[in-house]
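J.: At position 51 of the sequence shown the residue is numbered 51 (the UniProt record's numbering), and the sequence of numbers has no breaks.
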Amino acid sequence: MATPLDDAALDTLFRTARSYNGYTDAPVTEADIRAIYELTKMGPTSANNQAARFVWVTTPEAKEKLAQFASSTNADKIRKAPATVIIGMDLVFNEQLPWLFPHAPTAKDWFPTEEARYTTAFRNSSLQGAYLLLAARALGFDTGPMSGFDNAKVDEAFFADQPNVKSNFIATLGHGDPSSIFDRLPRPEFEKFNQLL
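(1) Okay, do the region 153–168 and the region 79–91 touch, 3+ Cβ pairs below 8 Å being the bar?
(2) Strictly by DSSP, which residues pair up with V57?
(3) According to DSSP, is I181 helix, strand or coil?
(4) Using the beta-carbon count (16 or more within 10 Å), is F14 buried or exposed?
(5) Give the secondary structure of N168 by DSSP, where H, G and I count as helix, E and B as strand, and everything else as coil.
(6) Which residue or residues does DSSP assign as beta-bridge partners of F149?
(7) Could you give the DSSP three-state label for Y118: helix, strand or coil?
(8) Is it the case that the CB of T58 approaches a heavy atom of the ligand FMN more closely than 6 Å?
(9) Using only CA atoms, which one of A83, L5 and T16 lies nearest to T29?
(10) Taking the alpha-carbon of P105 as reference, which of E114, T113 and E95 has the nearest alpha-carbon?
(11) Run the CB neighbour count on N194, radius 10 Å, all protein chains shown included, and call it buried at 16 or more, exposed below.
(12) Assign L133 to buried or exposed, taking buried as 16 or more other Cβ atoms, counted over all protein chains shown, within 10 Å of its Cβ.
(13) Measuring straight from C-alpha to C-alpha, what distance separates A2 and T12?
(14) In chain order, what residues of the same chain lie with their CB nearer than 7 Å to the CB of A74, ignoring the 5 residues before and after it?
(15) Taking three-plus beta-carbon pairs below 8 Å as touching, is the region 172–190 in contact with the region 16–31?
(16) Quick check on the DSSP output: the alpha helix (DSSP H) that includes R18 runs from which residue to which?
(17) Which of helix, strand or coil does DSSP assign to G43?
(18) Mapping DSSP to helix, strand and coil, what is G176?
(19) In chain order, what residues of the same chain have a beta carbon less than 7 Å from the beta carbon of I181, not counting five sequence neighbours either side?
(20) So the alpha helix (DSSP H) P98 belongs to, where does it begin and stop?
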């Protein structure tokens with residue numbers, strides 16, 4: 001059985017962690033990115049499908065390329081962040097299942113329709129994006145997940161060579177600037193949105 005995390009770890013991951021709108025100048029290195037991914041990939045997905053595809057935007061040219069497809073507020077965040085990651089989803093993820101889920105040789109045939117593949121890819125890439133946020137926090141980074149961009153144009157610009165990959169959401173990444181966050185917004189009490197049956 002797993003050992004519960006201590007309060008300091010829970011604060012880092014959840015209670016005092018925030019979504020940042022700006023960052024310090026401290027860099028995010030390739031080694032940092034690889035370390036984040038090594039944790040992210042360990043989170044559970046349906047039949048280990050690993051449907052997410054990640055594009056890490058770190059150079060000024062790549063930042064500007066992505067920023068032009070975002071809302072004005074988000075564009076500025078992308079330009080200034082040390083890194084931004086595009087969390088995409090592979091709509092033919094099932095083609096990878098023979099090696100990702102080898103104990104079920106027919107697993108690639110479990111998703112025969114476009115609708116089934118889309119639903120599964122969207123759900124699991126969203127999960128993996130959330131794992132990425134927690135992995136980044138666990139390694140001492142802050143994040144700023146966001147929508148507010150033109151998915152079709154991002155897909156054309158960043159996934160043109162992978163037409164089966166579509167963008168889900170994006171997240172900035174770095175060491176957060178405390179002056180860039182708002183006051184903590186309300187969080188509902190258990191009774192508001194939960195049922196015990």
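Here a beta-carbon is modelled for each residue, glycine too, at the ideal position from N, C-alpha and C.
Values in this document were obtained by computation on a predicted structure and should not be read as measured data.
T.: In terms of the structure at hand:
(1) Cβ pair count under 8 Å is three or more, so yes.
(2) Note: V57 is bridge-paired with T84 in the DSSP secondary-structure output.
(3) Residue state, collapsed to three classes: coil.
(4) Exposed, since its Cβ has fewer than 16 Cβ neighbours within 10 Å.
(5) Note: N168 maps to strand in three-state DSSP.
(6) In the DSSP output, where bridge partners are listed per residue, F149 has A70.
(7) In the three-state DSSP reduction, Y118 falls in the helix class (H, G or I).
(8) The ligand FMN is not part of the structure shown, which contains no ligands of any sort.
(9) Comparing Cα-Cα distances from T29 to each of A83, L5 and T16, the minimum goes to A83.
(10) Cα-wise, what sits closest to P105 is E95.
(11) Counting other Cβ atoms within 10 Å of its Cβ, N194 stays below 16 and is therefore classed as exposed.
(12) Taking every protein chain shown into account, the CB of L133 has 16 or more other CB atoms within 10 angstroms, so this residue is buried.
(13) Approximately 18 Å between the Cα atoms of the pair.
(14) It should be pointed out that residue 74 corresponds to Asn in this sequence rather than to Ala. Same-chain partners within the cutoff: M146, G148 and F149.
(15) Yes: at least three Cβ pairs fall under 8 Å.
(16) Annotation: R18 is outside any alpha helix (DSSP H) and is labelled neither H nor E by DSSP.
(17) Assignment of G43 by DSSP, reduced to helix, strand and coil, places it in the coil class.
(18) If DSSP states are grouped into helix, strand and coil, G176 belongs with the strands.
(19) Cβ neighbours of I181 beyond the five flanking positions: R18, Y20 and N21.
(20) It spans L97 to L100 - the alpha helix (DSSP H) in which P98 sits, taken as one unbroken run.
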